[in-house]
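Asker: Note that UniProt numbering has the sequence shown beginning at 1, numbered continuously upward. Cβ coordinates follow ideal geometry from the N, Cα and C atoms, glycine included. This structure is a prediction, so every number in the text was calculated from the model and none was measured. This structure is in structure tokens; I'll ask about it shortly.
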Amino acid sequence: MATSRCLTSSGSWFLMLDDKLDFHLLNLFTREMIPLPPLESIDGFPMELLRMGDSKAWVTLTYKNKANSCGIKITSYTVTHLRIDNFKAVLWVDEESRDYLVVWKLDDVFAYHKKGDDDNNSWKVIQPLKNQQYVDMVCKESKLYVLSDTRVTVLDFSHDDSPPIKCASFKSLDYPYWSHDKNLVVTLSGQVLIVTSERFSYSDRRFFDVYKMDPESLEWSVINSIGDEALLFDLGITFAAKDGAMENCIYFYTYQLCEYHIKTKKVVQVCPPRSASSPMSFNSARWFLNGCF
Numbered sequence: 001m002a003t004s005r006c007l008t009s010s011g012s013w014f015l016m017l018d019d020k021l022d023f024h025l026l027n028l029f030t031r032e033m034i035p036l037p038p039l040e041s042i043d044g045f046p047m048e049l050l051r052m053g054d055s056k057a058w059v060t061l062t063y064k065n066k067a068n069s070c071g072i073k074i075t076s077y078t079v080t081h082l083r084i085d086n087f088k089a090v091l092w093v094d095e096e097s098r099d100y101l102v103v104w105k106l107d108d109v110f111a112y113h114k115k116g117d118d119d120n121n122s123w124k125v126i127q128p129l130k131n132q133q134y135v136d137m138v139c140k141e142s143k144l145y146v147l148s149d150t151r152v153t154v155l156d157f158s159h160d161d162s163p164p165i166k167c168a169s170f171k172s173l174d175y176p177y178w179s180h181d182k183n184l185v186v187t188l189s190g191q192v193l194i195v196t197s198e199r200f201s202y203s204d205r206r207f208f209d210v211y212k213m214d215p216e217s218l219e220w221s222v223i224n225s226i227g228d229e230a231l232l233f234d235l236g237i238t239f240a241a242k243d244g245a246m247e248n249c250i251y252f253y254t255y256q257l258c259e260y261h262i263k264t265k266k267v268v269q270v271c272p273p274r275s276a277s278s279p280m281s282f283n284s285a286r287w288f289l290n291g292c293f
């Protein structure tokens, strides 16, 4: 029986990837499953996937590079020891209409599938970055936000039977030399934030800075408050701080589930890595929201 790992979530829906490297959506509460196209089913971008078990495979990607005197040049390369951990994927699901959008990235390939594409049981390739280095991406309300080393690009997938439309593009935050990570966040109102974090190799401690762009100067600056919202680091979104959630905090995971206060720059709550009532480890634990955004 195949075992699965959650790559990301949206409300009560989880994007699962099993040890055979097959995708599906799973509703955590109803247990309903929605199958997704096989990984190697990509329009116009042949992929050969040799599954090896143990959550890994050999992958050969073939794509049209450019025309030469002999016609179309075909380039192939192999990603060895592909594992679940290599995937970056984002998900958005409308809980009422059950429209969904899934985008994943593997090497330099971005591919998506959305509800309505079911008759064409394949992934469609997009190229959101040109001469840019990928950093992070977030999916929210049929829009894909992609952070590169120089730009933030927003793609709108809400148009039926048509490719996504670039609806915004603006400069990114200059990468601080001391920052180990830079992540994208989209607030409840649709505002884009960039979060930098520093992680110490000798401990699990992390420090965060939240940046917001000034609409007039178009410069990024550090802020110490996101108001009455809280930030879910894994998903790159904010949500209304209620029902026990603390406002102006970052919820993140690093070997344990943590809550970090943005203004005081301190971890204010830590969930232990193992439950006293269960032998299961929290190695793959993550925060998720049920209908909160």
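For my contact list, Gly236 and Val138 are in at a C-beta cut-off of 8 Å; report their separation, rounded to the angstrom.
Answerer: The pair is a contact, with the Cβ atoms about 4 Å apart (cut-off 8 Å).
Asker: From this set, Leu144, Arg205, Tyr175, which residue's C-alpha is nearest Val192's C-alpha?
Answerer: Checking every option, the nearest Cα to that of Val192 belongs to Leu144.
Asker: With 16 as the cutoff for other CB atoms within 10 Å, does Ile42 come out buried or exposed?
Answerer: Label assigned to Ile42: buried.
Asker: Buried or exposed: which applies to Phe14, given that a residue is buried once 16 or more other Cβ atoms fall within 10 Å of its Cβ?
Answerer: Under this definition Phe14 is a buried residue.
Asker: The ligand PLP heavy atoms versus the CB of His159: any closer than 7 Å?
Answerer: Ligands are entirely absent from the displayed structure, and the ligand PLP is therefore not among its contents.
Asker: Using the Cβ count rule (16 or more neighbours within 10 Å means buried), how would you classify Lys182?
Answerer: Per the 10 Å Cβ criterion, buried.
Asker: Less than 8 Å between the beta carbons of Lys115 and Tyr134, yes or no?
Answerer: The answer is no: Cβ separation not under 8 Å.
Asker: Who are the near neighbours of Cys167 in its chain, counting only those whose CB is closer than 6 Å to its CB and skipping five residues on each side?
Answerer: Only Val154, Asp156 meet the Cβ criterion.
Asker: Among residues of its own chain, excluding the 5 on either side of Phe252, which ones have a beta-carbon nearer than 6 Å to its beta-carbon?
Answerer: Excluding residues within five positions, the ones whose Cβ falls inside 6 Å are Phe233, Cys258.
Asker: My output table needs one value for Phe87: the three-state DSSP class, helix, strand or coil.
Answerer: Reduced to three states, the DSSP call for Phe87 is coil.
Asker: Please report how far the alpha carbon of Trp220 lies from the alpha carbon of Met213, in whole angstroms.
Answerer: Their Cα atoms are separated by approximately 4 Å.
Asker: Have a look at Ile262, His180, Leu106, Asn131 and flag the residue whose alpha-carbon is nearest the alpha-carbon of Glu229.
Answerer: Checked all of Ile262, His180, Leu106, Asn131; the closest Cα to Glu229 is Ile262.
Asker: First and last residue of the beta strand (DSSP E) that includes Tyr260?
Answerer: 257-261 is the extent of the beta strand (DSSP E) around Tyr260.
Asker: Going by other Cβ atoms of all chains shown within 10 Å of its Cβ, with 16 needed for buried, is His159 buried or exposed?
Answerer: With fewer than 16 Cβ atoms within 10 Å of its Cβ, His159 is classed as exposed.
Asker: Which residue from Cys6, Val146, Arg151, Phe170 puts its Cα closest to that of Pro164?
Answerer: Among Cys6, Val146, Arg151, Phe170, the Cα nearest to that of Pro164 is on Val146.
Asker: Report buried or exposed for Lys265, applying the criterion of at least 16 other Cβ atoms within 10 angstroms of its Cβ.
Answerer: Burial call: exposed.
Asker: Near Ser217, which residues of its chain fall below 6 Å by C-beta distance, leaving aside the five closest residues on each side in sequence?
Answerer: Hits under 6 Å: none found.
Asker: Can you check which of these residues, Val90, Met47, Leu289, is closest to His24 by C-alpha distance?
Answerer: When each option's Cα is compared against that of His24, the closest is Val90.
Asker: By Cβ distance, which residues of its chain are closer than 7 Å to Leu36, with the 5 residues on each side in sequence left out?
Answerer: Same-chain partners within the cutoff: Phe23, His24, Leu25, Val102, His113.
Asker: At which residues does the beta strand (DSSP E) containing Glu198 begin and terminate?
Answerer: Looking at the DSSP string, the run of the beta strand (DSSP E) that includes Glu198 is 192-199.
Asker: Taking 8 Å as the threshold (C-beta atoms), are Thr238 and Val152 in contact?
Answerer: Not a contact, by the Cβ cut-off of 8 Å.
Asker: With which residues is Tyr211 paired in a DSSP beta bridge?
Answerer: Per DSSP, Ile194, Val222.
Asker: Hey, Ser142 and Leu129: beta-carbon distance below 8 Å or not?
Answerer: For Ser142 and Leu129, no; Cβs fall outside 8 Å.
Asker: When you compare the CB positions of Ala240 and Leu188, do they come within less than 8 Å of one another, or not?
Answerer: Yes.
Asker: Going by DSSP, which residues form a beta bridge with His24?
Answerer: For His24, which the question treats as bridged, DSSP gives the partners Met16, Pro35.
Asker: I'd like the span of the beta strand (DSSP E) that includes Asp181, first residue to last.
Answerer: Here the beta strand (DSSP E) through Asp181 covers 181-186.
Asker: Express the C-alpha separation of Leu28 and Cys6 in angstroms, rounding to a whole number.
Answerer: Looking at the two C-alpha atoms, the distance is approximately 11 Å.
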